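In terms of my numbering, the sequence shown opens at residue 169 and continues consecutively. Glycine included, each C-beta is placed from N, C-alpha and C at the ideal position. Just so it is clear, the structure is predicted and the values come from calculations on it, not from any experiment. Notes follow the structure.
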Amino acid sequence: MRISPILFSLMALVPLTPAVAGESGAPAPRDALRGADCLDPSSARTWDYVSGDELLVDAGRRKYRVHLAEHCTELGHGSVIAFKGDHVSSRVCGNVGEEVRVGRMSCRIERLELIDAEAYREATTGKQGSVSASVSD
């Protein structure tokens, strides 16, 4: 039995298909923080500008890196921010619908992560501002 070169080429690609599909599949699910690990906006002391889509928040014993879903142009110009978190507790965990508000601009939070004090100190070279009370809608 003779296999045509085209069929042979197609058969050679079949084992690679699952590996390639796994790499370009759906995005990983959101890994939101839970419970006491979430940011309580009332305990936030200061924030530091890292970039238009990232900021650091000092909440006393807990420090956070906030990743935004898109570039937030006002973040580099405002000195006061507010958070829109959970409708019940106002905590920010990195869930869908949570936002950082700077002036009149609302910026969706993509992800929130706890960082240690050393990582926070190393990263806080940007602009520092204050955090107002959380905003609820």
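Taking 8 Å as the cut-off, the beta carbon of Leu236 is found closer than this to the beta carbon of Arg276. Sequence-distant Cβ neighbours of Arg259 in its own chain, meaning closer than 6 Å and more than five residues away, are Cys206, Asp208, Gly253.
Asp199 places its beta carbon 8 Å or farther from that of Thr214.
In this structure, Gly246 lies near Gly271, with their beta-carbon atoms less than 8 Å apart.
Following the DSSP letters along the chain, one finds Ala250 inside the beta strand (DSSP E) bounded by residues 248-252. If the five residues before and after Cys240 are omitted, its C-beta is found closer than 8 Å to the C-beta atoms of Gly220, Asp221, Val268, Val270, Met273, Cys275, all from its own chain and listed in chain order. Just so you know, the alpha carbons of Ile249 and Glu286 end up roughly 24 Å apart.
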